[in-house]
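Trainee:
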Amino acid sequence: MNILVCLKQVPDSTVRVKVAPDAKSIVTDGITWAISPYDEYAIELALEHKDADPGTTVSALTVGPARARDALRQALAMGCDDAAIVVGEAAGLGLARALAAAVRERTPDLVLCGRQASDDDQGFVGMALAEALGWPHVASVTAFKAADGGGIEIWKEIEGGHEVWKASGPVLLTVQKSAKEPRYPSLPGIMKAKKKEIPERALSDLGVDQAGPVAEVVAMQPPPARGNGVILKDGDTGALAAELARRLRDEAKVL
Amino acid sequence: MISPTGSFWTGGAILLFLVILGFGAFLWRAWTLVRYLRLGRVRELDRTDRLPRRLRDELVVYLGQRKLLKRPYWIRGAAHALIFWGFLVITYGTADVLLDGIAGLRLPGTETGVYVWTVDLFAVAVLASIVLAAIRRAFLRPPRMHVALDGYVILGLIATLMVTLLLFENAGVSAGALRTGQAVPPIAALLPLRFSGASAGVVFASAWWLHVITVLAFAAYLPQSKHLHIVTTLPNVFFRSTRPRGALRLVENIEEQESFGAATLRDFSWKQLLDGYTCTECGRCSDSCPALATGKPLDPQRIVLDIRDQLLREGGMLLASAEAAGTAPAQLHERKPEELWACTTCAACVEACPVTIEHIDKIVDMRRNLTMMESAAPPEAQRALTNIERAGNPWGEPREARGEWAAGLEVPTLAEKPDAEYLYFVGCAASYDRRNQRVARALAAILKSAGLSFAILGREETCNGDPARRIGNEYLWQQQAQANIEAFGRYGVRKVIASCPHCFNTIANEYPQVGGRYEVVHALQLVERLIADGKVHLSDAAARETIAYHDPCYLGRHNGIYDPPRRVLDALSGVRRVEIEPHHRERGFCCGAGGGRMWMEEKVGQRVNHRRIDQLRAAQADASKVASGCPFCLIMLEEGVGAKGLQEQVKPVDVLELVAARLETPTTAARETS
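If you read the protein sequences in the order shown, they are chains A and B.
In the working numbering, each number is its position in the first sequence, counted from 1, plus 718.
In the working numbering, each number is its position in the second sequence, counted from 1, plus 1178.
1. Check whether the Cβ atoms of A/Leu890 and A/Leu847 sit closer than 8 Å, and answer yes or no.
2. My assumption, with CB atoms under 8 Å, is that B/Val1804 sits in contact with B/His1728. Please give the rounded CB distance.
3. Where does A/Pro729 fall in DSSP's three states?
4. Applying the 10 Å Cβ sphere with the 16-neighbour rule, what's the burial state of B/Asn1348?
5. Quick check: what's the CA-CA separation for B/Cys1467 versus B/Ala1301?
6. Would you mind giving the Cβ-Cβ distance between B/Ala1425 and B/Gln1691, rounded to the nearest angstrom? I have them listed as a contact below 8 Å.
7. Helix, strand or coil: which one does DSSP assign to B/Arg1849?
8. Strictly below 8 Å CB to CB, what residues from chain B border A/Ala770?
9. So, helix, strand or coil for B/Ala1726, using DSSP?
10. Which residues, taken in chain order from the segment 887 to 906 of chain A, show a beta carbon closer than 8 Å to some beta carbon of chain B?
11. Quick one: give me the first and last residue of the beta strand (DSSP E) that A/Thr780 is part of.
12. Flag A/Asp730 as yes if its beta-carbon sits less than 8 Å from any beta-carbon of chain B, otherwise no.
13. Would DSSP call A/Thr955 helix, strand or coil?
14. Below 8 Å on C-beta distance, what does A/Thr955 contact in chain B?
15. Between the segment 1555 to 1580 of chain B and chain A, which residues of the former have CB atoms less than 8 Å from a CB of the latter, in chain order?
16. Just reading off the beta strand (DSSP E) that A/Val829 is part of, what are its end residues?
17. Should B/Arg1765 go down as buried or exposed, given a rule of 16 or more other Cβ atoms within 10 Å for buried?
18. Would the segment 1218 to 1236 of chain B and the segment 1271 to 1289 of chain B be scored as touching if the rule is three or more Cβ pairs under 8 Å?
19. State yes or no: is the C-beta of A/Gly810 within less than 8 Å of the C-beta of A/Val932?
20. Below 7 Å between beta carbons is the criterion; list the residues of the segment 1537 to 1550 of chain B that meet it against any residue of chain A, in chain order.
21. Nearest to A/Ala885 by CA position, among A/Pro755, A/Val776, A/Asp866, is which residue?
22. Which residues does DSSP list as the beta-bridge partners of B/Ser1806?
23. Does DSSP put B/Pro1844 in a helix, in a strand, or in coil?
24. Three-state secondary structure (DSSP) at B/Trp1740?
25. What are the residues in the segment 1413 to 1446 of chain B lying within 7 Å of chain A by C-beta distance?
26. Closest to B/Ile1192 by CA distance: which of B/Arg1421, B/Leu1277, B/Ala1607, B/Trp1573 is it?
27. Inspect the CB distances between the segment 1747 to 1760 of chain B and the segment 1714 to 1727 of chain B and report whether three or more fall short of 8 Å.
28. Which same chain residues end up closer than 7 Å to B/Phe1204 when comparing Cβ atoms and leaving out the 5 residues on each side of it in sequence?
29. Going straight from the alpha carbon of A/Lys898 to that of A/Thr860, what length do you get?
30. Identify the contact partners of B/Glu1552 in chain A, using a Cβ-Cβ distance below 8 Å as the criterion.
31. Give the single residue among B/His1537, B/Tyr1293, B/Leu1299, B/Thr1564 whose Cα lies nearest to the Cα of A/Trp751.
32. Does the segment 1776 to 1786 of chain B come within contact of the segment 1473 to 1489 of chain B, defined as at least 3 CB pairs closer than 8 Å?
33. Can you find a CB in chain B that lies within less than 8 Å of the CB of A/Arg944?
34. Quick one, which of A/Met796, A/Ala814, A/Ser922, A/Thr955 has its alpha-carbon nearest A/Cys724's?
35. Counting contacts by CB-CB distance shorter than 8 Å, is B/Tyr1669 in contact with chain A?
36. Return helix, strand or coil for B/Val1837, following the three-state DSSP convention.
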C-alpha cells in the first residue's frame, strides 16, 4: 500500500505565542516550529501500518514556506520513505487544490491528514482535499488496516465508542489522537533523514487555481493574563466564610 | 616453610608434573576468558591514564580492602580482609614450598621467625574467618547474597589448605624436617598433636602433599568460579574509570556511528566484561539499590551477572564467528526493559561494590540502545526528550519564559552585564517549577547580599542535558551541551554557579568531554565559602528547630560534596542538624528522581520518595524540616510528605532558603522566600 501523509508545520506547542504589532498575526521570529500534533498521529498510524507490512511506502507532503522542510525532515526521521515540498503561501481551498495536484502526481492508495492543524484549528483542508480529489473521506480516524478480501477497514471515533467503516478504493482519512503516541525518531533515522533529498516545487509551477473564498483574520488578541490567587487568612472561620462569599458574589460574580 | 626432602626424581618430578597440570589448567581457562574479553568492541578512553592514582587504588582498594571495611559491613569485611591478607602471606609460603619441592630453591625470608609467626597467625585467623563465613552462609544468609555450592567449595578448599598447613608444620617439626637456622612454626608447634618417629614422617608427608595438591586443585578450579575475583580484582581496580563518577562515557563522533548503545555482548567494552568476571556475588549493590528496595524489577547484581553468564555461555560461539551477534543482553529481551528504566543512577551500587564494578555505565549503554536505536524509551520519557529538544526543558515550558522567575529581582542577564564574574546557571527546575523558583530567588538574594558579581543567561540558557543523557539520548545531550557551551562562549564565561546538582555534575564533569571547561561550584559550596569569609551576614535571632539533611545523590555520592551543605546548616543559628540514620552520606537514599526518573511514571512497588519519607520519620521523627540541595529532591520530598499527610509535621526545604531567611539585610527576595 502507498500511503501519503499531508502535514503542516505549525508553532510548537511549547512556544508562548505573541501577537504581532499588526494585531492580525503572531510573532514568528525565533520560535520553534514542529509538525502539527494530529499530523504526527497520522504519520504514526501510517508507520505502524508499515511496521506490520514492510511492503508499505509512506510519503510525506507539505505545501508551505521553505522552513517547512524541517517538518518533512522530522517525518523522514520518524521513518517515512520520502518527502516532497511545494513552496508557497496558500490557504483554504487554494491549499487543498495545490495538495490535490501534488497528490495526483503520486497516485497513493490512501491519503492521511491530521483532523485539524493546531495553529488555526479550522479542520478544513483535509476534507477540502478529499473534495478536490473527488475521493471519499472519513474523519476522526484512530486506526485502519487492510481488510480481509481487499479494501481498507477504518476505525472512526464517535461519541462514546467507534464505528468501523470500509473503503474499497482510494480514500482520505483525517486522523484523531490515537492510543499510540507518535514515535520518537531513532538516531540512525535522524542521520538518514539528514541525507535524504527533499524534492521541491514552486506553488506557482503547479498551475492551480488560487481563487475562491478566503477567510481573513481581522484581529488577534492574547488571552487576559491570569491574576494572582488570594488566600484569606485573617479572622475566624465565620468571618472568613462571609468574606469568601462576598468576594465570590461581588468580585468574581459567580454566586 | 618446610618441605619433605628428597631428590628431584623421588618427589620433585611428580610435583613438577602436578604443578604443570594445575597451573596449566588455570592458564588454559584464563586465556579463554581473556579472549572473551576481547569480544567487547567499544573503545575505552580512560583506562590507563593517571598511573599514580591507579597504583594508589591498588594499595587502598585491593591490598587495603578499603571498600570492604565500610559500614554496615565492617565485621564481615574484616573477616574477608583477614582471609585475603592471609592468602597473600601464605601464597608466598606456598610458592616457596613448590619451588623448594621441585628444585630446592628457597624464597628470601621464609625461614625467619617473623615470617613463620605471620604465617601461623594468619592460618589461625583465616580458619576462624572461614568458620564465620560458613556459619553466615548456612544460618544467617543475607537476603541478597547469591548462596551457591561454589561458595562452600571455596571455603572448604581454603580450610583444607589451612588445616594441612598447620598439620604438616606440626608433624614436620617432629619429623625433623626443619633445616638448621629455620624458625620453628610457633602456633603449629603448640597444637596438642605429638607425632613421633615414623608416624611423624608419614603425617608430615601426607599433609604436605595434600596441601600442595589442594593448592593446585584450587588453581585449576579458580577460573571456573566466582572466586576468580582474587585474580581479576587486581586488573579491575587498576583499570577502573578515572572519569569523575558522575560522568557517563562519551559517544565519540556520534554523527558518524551506525549503531548506538549495547544491544549485544559485542557492544560492551572489555572492561565492562571484566566487571562480570570480577563480581563476587556478594550482593552489596543489590542491598543498597533504592529501586530493588521498593519492589522494582531492577537488581544491579543481576545486571552484572547476566552479562557475565551470557559471555561464558556464548563467548565461544561469538569468537568462532565474527558474524554471530549472539542474543541481546538479558535486560533487553528475557526480562523486560523495565529493569533498566527503574534505575535512578543514584550510584548506591557503585559506591557499595568492593571490587569497583561500574553498574551505571552498563545500564545506560543498554538504555542508549533502547532510546537511540529502538525509539523504545517509555512514552513519558520520550515526551521529556521531545520537550528538551523543542523547548530546552523537559517539562515543555516556553523557552521565552526561562528567565521569568527573576522578574523584579534585578538579576541581570549576561547580555545586560557581560563582565559579570559568575554565571548562575539556573537550570530547568528552578526556572519553571514554582516551588523551586523560590530557591532560585533565595540564591539570588544571598549572592546580592554578599555583593557577588553574577548574571544569568535568561532565555539563552537551555537544559544542561542530564535527563537526556541518562535516558539514553546521548545525541540530544551533546546538542544541549553544545548549545550551552556556545552561549557560555559568547560571554567568555569562566565561572559557573549551579543550584541544581544535576546541572553542576553535568557542567563540571561532563562538559569537559565536549570541550567545555569551567570553574563550576554548587551553590552550597559557594555559600559555605561566603559565610566562612564573612561575606554573608546571618542573623542569630531564630527559633530553635531540628532539621534533617538529605544527601542528593549527584551532590553526595557522585561528587563527594557531603560536608559543605552540612556546614552551612551548622552556621545557622537555632538549627540542630540531624542525620537520617543510617541512610546518610555515602549511604544516602535516593529521592527517586535521578536518571531521568523525574519524568517517568512509577507504578510498581512503593514510590522511592515515599520510602525516603518513611526513613526520615523512623530516624528523626522530631525533625520539623528536611533540607536538601537539589530541586528534584525537593519536589520528591514534598510529594512524599504530601502523600503521607505530614505537611504539618515536616517541611521539605532547600538549604539555600534557610540561609536567605536569615540574611541580615533581607532583600525583597529573601522576605518572599521566608
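Glycine included, C-beta positions come from ideal geometry on N, C-alpha and C.
Mentor: Working from what's here:
1. On the first sequence, position 172 is the one that residue 890 of chain A refers to. On the first sequence, position 129 is the one that residue 847 of chain A refers to. Cβ atoms of A/Leu890 and A/Leu847: closer than 8 Å.
2. Working through the second sequence from its first residue, we reach residue 1804 of chain B at position 626. Working through the second sequence from its first residue, we reach residue 1728 of chain B at position 550. Between B/His1728 and B/Val1804 the Cβ distance is about 6 Å, and since that is below 8 Å, they are a contact.
3. Stepping through the first sequence from its first residue, residue 729 of chain A is reached at position 11. Looking at A/Pro729 - three-state DSSP - the assignment turns out to be strand.
4. One-based indexing of the second sequence puts residue 1348 of chain B at position 170. Buried is the call here.
5. Here residue 1467 of chain B is taken as the residue at index 289 of the second sequence, counted from 1. Here residue 1301 of chain B is taken as the residue at index 123 of the second sequence, counted from 1. Those two C-alpha atoms are separated by around 36 Å.
6. Numbered from 1 along the second sequence, position 247 holds the residue referred to as residue 1425 of chain B. Numbered from 1 along the second sequence, position 513 holds the residue referred to as residue 1691 of chain B. Between B/Gln1691 and B/Ala1425 the Cβ distance is about 7 Å, and since that is below 8 Å, they are a contact.
7. Residue mapping note: residue 1849 of chain B aligns to position 671 of the second sequence, counting from 1. Confidence in B/Arg1849 is poor, its pLDDT being 48 and thus under 50, which makes the residue's placement too unreliable to answer from.
8. Counted from its first residue, the first sequence places residue 770 of chain A at position 52. Going along chain B, no residue has its Cβ under 8 Å from A/Ala770, so there is no contact; the nearest lies around 16 Å.
9. Within the second sequence, residue 1726 of chain B is the residue found at index 548, counting from 1. The answer is strand: DSSP assigns B/Ala1726 an E or B state.
10. Glu899, Arg901, Tyr902, Pro903, Ser904, Leu905, Pro906
11. Numbered from 1 along the first sequence, position 62 holds the residue referred to as residue 780 of chain A. Where A/Thr780 is concerned, the enclosing beta strand (DSSP E) stretches over 775 to 782.
12. Locating residue 730 of chain A in the first sequence gives position 12, counting from the first residue. For A/Asp730, at least one C-beta of chain B is nearer than 8 Å to its own C-beta.
13. Taking the first residue of the first sequence as position 1, residue 955 of chain A is located at position 237. A/Thr955 falls in the helix class under three-state DSSP.
14. The residue you call residue 955 of chain A lines up with position 237 of the first sequence. What A/Thr955 touches in chain B: nothing, since even the nearest Cβ is about 18 Å away.
15. Ala1555, Pro1557, Gln1560, Arg1561, Leu1563, Thr1564, Asn1565, Arg1568, Ala1569, Gly1574, Glu1575, Pro1576, Arg1577, Glu1578, Ala1579
16. Taking the first sequence and counting its residues from 1, one reaches residue 829 of chain A at position 111. Note, A/Val829: beta strand (DSSP E), 828 to 832.
17. Counting from 1 along the second sequence, the entry for residue 1765 of chain B is found at position 587. Looking at its Cβ environment, which holds 16 or more other Cβ atoms inside 10 Å, B/Arg1765 is buried.
18. no
19. Translated into positions along the first sequence, residue 810 of chain A becomes position 92. Translated into positions along the first sequence, residue 932 of chain A becomes position 214. Yes, they are a contact pair.
20. Listed by position along the chain: Met1550.
21. To locate residue 885 of chain A, count along the first sequence from 1; it is residue 167. Here the closest residue by C-alpha is A/Asp866.
22. Position 628 of the second sequence, counting from 1, holds the residue named residue 1806 of chain B. Beta-bridge pairing links B/Ser1806 to B/Asp1832.
23. In the second sequence, counting from the first residue as 1, residue 1844 of chain B sits at position 666. Residue confidence for B/Pro1844 is low, a pLDDT of 48 falling below 50, so the modelled location carries little weight; the figure read from the coordinates is stated next. Looking at B/Pro1844 - three-state DSSP - the assignment turns out to be coil, as it is neither helix nor strand.
24. Residue numbering aside, residue 1740 of chain B sits at position 562 when the second sequence is read from its first letter. First, the residue type needs correcting, since residue 1740 of chain B is Tyr and not Trp in the sequence shown. The answer is coil: DSSP assigns B/Tyr1740 none of H, G, I, E or B.
25. Glu1433, Glu1436, Phe1438
26. As a first step, residue 1192 of chain B is located in the second sequence; it is residue number 14 there, counting from the start. Closest by alpha carbon: B/Leu1277.
27. Between the segment 1747 to 1760 of chain B and the segment 1714 to 1727 of chain B, the count of Cβ pairs shorter than 8 Å is three or higher; the stretches touch.
28. Mapped onto the second sequence, residue 1204 of chain B falls at position 26. Once the five neighbours on either side are set aside, the close Cβ partners of B/Phe1204 are Ala1397, Ala1398, Leu1400, Pro1401.
29. By one-based count along the first sequence, residue 898 of chain A stands at place 180. By one-based count along the first sequence, residue 860 of chain A stands at place 142. The straight-line gap separating the alpha-carbon atoms of A/Lys898 and A/Thr860 is approximately 10 Å.
30. Here residue 1552 of chain B refers to the residue found at position 374 of the second sequence. Under the 8 Å cutoff, chain A gives Ser904.
31. Residue mapping note: residue 751 of chain A aligns to position 33 of the first sequence, counting from 1. Of the candidates B/His1537, B/Tyr1293, B/Leu1299, B/Thr1564, the one whose C-alpha sits nearest the C-alpha of A/Trp751 is B/Thr1564.
32. Verdict: yes, contact present.
33. Translated into the one-based positions of the first sequence, residue 944 of chain A becomes position 226. No, A/Arg944 lies away from the interface with chain B (no Cβ there is under 8 Å from its Cβ).
34. Looking up residue 724 of chain A in the first sequence gives position 6. Closest by alpha carbon: A/Ala814.
35. In the second sequence, residue 1669 of chain B corresponds to position 491, counting from 1. Closer than 8 Å: no.
36. In the second sequence, the residue the question calls residue 1837 of chain B occupies position 659. It is helical.
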